[in-house]
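Q: These protein sequence lines are chains A and B, in that order.
Sequence positions in the first sequence follow my numbering and run 4 to 206.
Sequence positions in the second sequence follow my numbering and run 4 to 206.
Please find one structure pasted underneath; my questions will follow.
There are 2 protein chains.
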Amino acid sequence: DVSPLTVNRLSIYLRCLRMLQEQGLRQVSSQELGRCFGISPALFRKDLAHLGEMGIRGVGYDVDSLAANLSRHLGLERTHRMVLVGAGNLGSAVARYFGTGDGPFRMVAVVDSDPEKIGRPLGDVTVRPREELRQAIEKTRATIGLLTVPAEAAQSTYDELVEAGVLSVLNFAPVHLRRSAAVHTRNVDLRIHLEELAFYLVR
Amino acid sequence: DVSPLTVNRLSIYLRCLRMLQEQGLRQVSSQELGRCFGISPALFRKDLAHLGEMGIRGVGYDVDSLAANLSRHLGLERTHRMVLVGAGNLGSAVARYFGTGDGPFRMVAVVDSDPEKIGRPLGDVTVRPREELRQAIEKTRATIGLLTVPAEAAQSTYDELVEAGVLSVLNFAPVHLRRSAAVHTRNVDLRIHLEELAFYLVR
Ligand SMILES: NC(=O)c1ccc[n+]([C@@H]2O[C@H](COP(=O)([O-])OP(=O)(O)OC[C@H]3O[C@@H](n4cnc5c(N)ncnc54)[C@H](O)[C@@H]3O)[C@@H](O)[C@H]2O)c1
Ligand SMILES: NC(=O)c1ccc[n+]([C@@H]2O[C@H](COP(=O)([O-])OP(=O)(O)OC[C@H]3O[C@@H](n4cnc5c(N)ncnc54)[C@H](O)[C@@H]3O)[C@@H](O)[C@H]2O)c1
Numbered sequence: 004d005v006s007p008l009t010v011n012r013l014s015i016y017l018r019c020l021r022m023l024q025e026q027g028l029r030q031v032s033s034q035e036l037g038r039c040f041g042i043s044p045a046l047f048r049k050d051l052a053h054l055g056e057m058g059i060r061g062v063g064y065d066v067d068s069l070a071a072n073l074s075r076h077l078g079l080e081r082t083h084r085m086v087l088v089g090a091g092n093l094g095s096a097v098a099r100y101f102g103t104g105d106g107p108f109r110m111v112a113v114v115d116s117d118p119e120k121i122g123r124p125l126g127d128v129t130v131r132p133r134e135e136l137r138q139a140i141e142k143t144r145a146t147i148g149l150l151t152v153p154a155e156a157a158q159s160t161y162d163e164l165v166e167a168g169v170l171s172v173l174n175f176a177p178v179h180l181r182r183s184a185a186v187h188t189r190n191v192d193l194r195i196h197l198e199e200l201a202f203y204l205v206r
Numbered sequence: 004d005v006s007p008l009t010v011n012r013l014s015i016y017l018r019c020l021r022m023l024q025e026q027g028l029r030q031v032s033s034q035e036l037g038r039c040f041g042i043s044p045a046l047f048r049k050d051l052a053h054l055g056e057m058g059i060r061g062v063g064y065d066v067d068s069l070a071a072n073l074s075r076h077l078g079l080e081r082t083h084r085m086v087l088v089g090a091g092n093l094g095s096a097v098a099r100y101f102g103t104g105d106g107p108f109r110m111v112a113v114v115d116s117d118p119e120k121i122g123r124p125l126g127d128v129t130v131r132p133r134e135e136l137r138q139a140i141e142k143t144r145a146t147i148g149l150l151t152v153p154a155e156a157a158q159s160t161y162d163e164l165v166e167a168g169v170l171s172v173l174n175f176a177p178v179h180l181r182r183s184a185a186v187h188t189r190n191v192d193l194r195i196h197l198e199e200l201a202f203y204l205v206r
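As structure tokens, then:
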């Protein structure tokens, strides 16, 4: 199957294509793409070939059709409903970031165990009590769970998200979760971004 | 030079090596590493060879020395002092996440333009007024700036961080910054993580 690292490259390709679209470009050569992607044409041609994109000898790629193809593969032609657990500092920022407008990612419910947070508006939703998590997932048929609770609550909250039927979880808590094989689970760790900066700082 | 995508793979390799160290493993084969990394041995052997790591025919790699080598290349043997601008929801979560303990990344100053936030403790620092940004950077010799202000304030804040002498900036605001060539600048966008989940959801 396709590895997450390949998928992340597809996201980067799409961002480049979007910038090129904004600049009004219709065709782009492999060299120009390679410069934007930060990847050699040898490598990305392989990735794009898997999506059925061969490019045209001597011309390159059609910007709009490549962008549309990438967008489709990244599931961005559909709406993905998300629930978030833990409306603290991080959770509030994340909920508001995705909580308005009509991109493919829609925040449909936020829950928290702190009574002080109930009723607080975050984007298009208001914080509901923690006990309503399961019914919120069933009612909205949310497919993605966002886990922004403290470390000590992470595993039990994850288990409940899985049992309530989400298909993927994005975990922000600094714990190695015991993962369900049925639920695609990823960790977010800002440290990876900082390590990238540190790599270049020490060269 | 080394592309950020290569550097991000190094971060992933190090996380795997740390897990193997916790399991008490001393040697690991290319196959086992490939499974952990989610990358074919053909690809990661190339990455590791650039770091002078050749592996031992028939044996694989020495876990401790490989981890130490990766850690050194990722700059984690040094302390990197960071300043954060914008102690809102996201900024507070980030400041506290890095604001305690003694990892390689140390939060040394946080500033905000909102008088209500001044004096608020976040990890080992308290929020200072926005006007103190430059002197905070000079006094602490911070090398990394974290930008967690609203989109409309992002460019001017970035310009000021650059002028005050930081060497890298991690930008969380959803804007394409006009970047300084002298400052290594990266954007963080959670959407990339969600696109990864969406890719697998629509397959
Ligand atoms: N991945 C990263 O790079 C990164 C960055 C910053 C913070 N974090 C992590 O994100 C998490 C949240 O950080 P924060 O600064 O927002 O913390 P916070 O304390 O501000 O927020 C936690 C929220 O979760 C709620 N909560 C606690 N237990 C709960 C439960 N069982 N069910 C529902 N809600 C519950 C609390 O009431 C609170 O509102 C922490 O685990 C932190 O370590 C990760
Ligand atoms: N990259 C991502 O995935 C992601 C996720 C969530 C939020 N965000 C972005 O992060 C930023 C912060 O989000 P938030 O939810 O914490 O917002 P927020 O409104 O809670 O916090 C912004 C903070 O910046 C301060 N501020 C405003 N102008 C300033 C200036 N000129 N100098 C210093 N401080 C200033 C405010 O007083 C406030 O404390 C926004 O740009 C948001 O879009 C990005």
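Backbone N, C-alpha and C fix where the C-beta goes; we use that ideal spot for every residue, glycine too.
All of these numbers come straight from a predicted model, not from anything done at the bench.
Count the CB pairs spanning the stretch 54–69 of chain B and the stretch 28–45 of chain B that are closer than 8 Å, and state whether there are at least three.
A: At 8 Å Cβ cutoff, the stretches touch.
Q: If you count every other CB in all the chains shown that lies within 10 Å of the CB of A:Lys49, and 16 or more means buried, which is it?
A: So A:Lys49 counts as exposed.
Q: Just by C-beta distance, which residues in the stretch 135–149 of chain B are closer than 8 Å to chain A?
A: Per Cβ criterion, the list reads Thr146, Ile147.
Q: Does the separation of the CB atoms of B:Gly41 and A:Leu170 fall below 8 Å?
A: Result no, Cβ atoms of B:Gly41 and A:Leu170 do not sit closer than 8 Å.
Q: Can you find the residues in the same chain that come closer than 7 Å, C-beta to C-beta, to A:His76, ignoring five residues on each side of it along the sequence?
A: Closer than 7 Å at Cβ, skipping near neighbours: Leu13, Leu54.
Q: Report the option in B:Val128, B:Glu119, B:Asp117, B:Gly122 whose CA atom is closest to the CA atom of B:Val111.
A: B:Val111 has its Cα closest to that of B:Val128, out of B:Val128, B:Glu119, B:Asp117, B:Gly122.
Q: Does the Cβ-Cβ distance between B:Leu20 and B:Leu73 come in under 8 Å?
A: Yes, they are a contact pair.
Q: Determine the DSSP secondary structure at A:Leu54, reduced to helix, strand or coil.
A: Note: A:Leu54 maps to coil in three-state DSSP.
Q: Skipping 5 residues on each side, what residues in its chain have a beta carbon closer than 7 Å to that of B:Arg144?
A: Closer than 7 Å at Cβ, skipping near neighbours: Arg84.
Q: Inspect the beta-carbon positions of B:Val66 and B:Leu17 and report whether they are closer than 8 Å.
A: The answer is no: Cβ separation not under 8 Å.
Q: Using the C-alpha atoms, what's the distance from A:Arg137 back to B:Gly122?
A: Approximately 39 Å between the Cα atoms of the pair.
Q: Closest Cβ-Cβ distance between B:Ile121 and chain A: below 8 Å?
A: Not closer than 8 Å to any Cβ of chain A, the Cβ of B:Ile121 fails to qualify, so no.
Q: Heavy atom of ligand 1 less than 7 Å from the Cβ of B:Ser183, yes or no?
A: No, since every heavy atom of ligand 1 falls outside the 7 Å radius drawn around the Cβ of B:Ser183.
Q: Which value, in whole angstroms, describes the spacing of the CA atoms of A:His187 and A:Glu163?
A: Answer to the nearest angstrom: the Cα atoms are 15 Å apart.
Q: Does A:Val128 come within less than 8 Å of chain B when only Cβ atoms are used?
A: No, A:Val128 lies away from the interface with chain B (no Cβ there is under 8 Å from its Cβ).
Q: Select from A:Val97, A:Gly106, A:Thr82, A:Ala90 the residue whose C-alpha is nearest the C-alpha of A:Arg131.
A: Comparing Cα positions, the closest option is A:Ala90.
Q: Quick one: residues in its chain with C-beta nearer than 6 Å to the C-beta of A:Phe101, no 5 flanking neighbours on either side, listed in chain order?
A: So the qualifying residues of the chain are Phe108, Met110.
Q: Please classify A:Ser159 as buried or exposed, where buried requires at least 16 other C-beta atoms within 10 Å of its C-beta.
A: By the 10 Å Cβ count, A:Ser159 comes out exposed.
Q: For a test of your reading of the model: does the CB of B:Arg18 fall under 7 Å from any non-hydrogen atom of ligand 2? Yes or no.
A: False, no ligand heavy atom lies under 7 Å from that Cβ.
Q: Where DSSP assigns a beta bridge to B:Asp65, which residues make up the other side?
A: Beta-bridge pairing links B:Asp65 to B:Gln30.
Q: How about A:Pro124: is its Cβ closer than 7 Å to a heavy atom in ligand 3?
A: Only ligand 1 and ligand 2 can be found as ligands here, which leaves ligand 3 out of the picture.
Q: For a contact meaning CB atoms closer than 7 Å, what does A:Leu77 contact in chain B?
A: Simply Glu198, Ala201, Phe202.
Q: Short of 7 Å Cβ to Cβ, which residues in the stretch 107–119 of chain B face chain A?
A: Residues Pro107, Phe108.
Q: Which value, in whole angstroms, describes the spacing of the CA atoms of B:Arg194 and B:Pro118?
A: In a straight line, the C-alpha of B:Arg194 is about 31 Å away from that of B:Pro118.
Q: Do B:Arg189 and A:Leu204 have their CB atoms nearer than 8 Å?
A: Result no, Cβ atoms of B:Arg189 and A:Leu204 do not sit closer than 8 Å.
Q: Mapping DSSP to helix, strand and coil, what is B:Ile59?
A: Strand.
Q: If you draw a straight line from the C-alpha of B:Arg81 to the C-alpha of A:Leu69, how long is it?
A: Approximately 42 Å between the Cα atoms of the pair.
Q: Does the beta carbon of A:Ser95 sit closer than 8 Å to a beta carbon anywhere in chain B?
A: Yes - at least one Cβ of chain B is within 8 Å of the one on A:Ser95.
Q: Can you tell which of A:Arg29, A:Thr146, A:Glu141 has the C-alpha that lies nearest to the C-alpha of A:Gly78?
A: It is A:Thr146.
Q: Is there a C-beta anywhere in chain B that falls below 8 Å from the one on A:Ser183?
A: A:Ser183 does not count as touching chain B.
Q: Once DSSP output is grouped into helix, strand and coil, what is the label at B:Asp115?
A: In the structure shown, B:Asp115 sits in a strand (DSSP, three-state: E or B).
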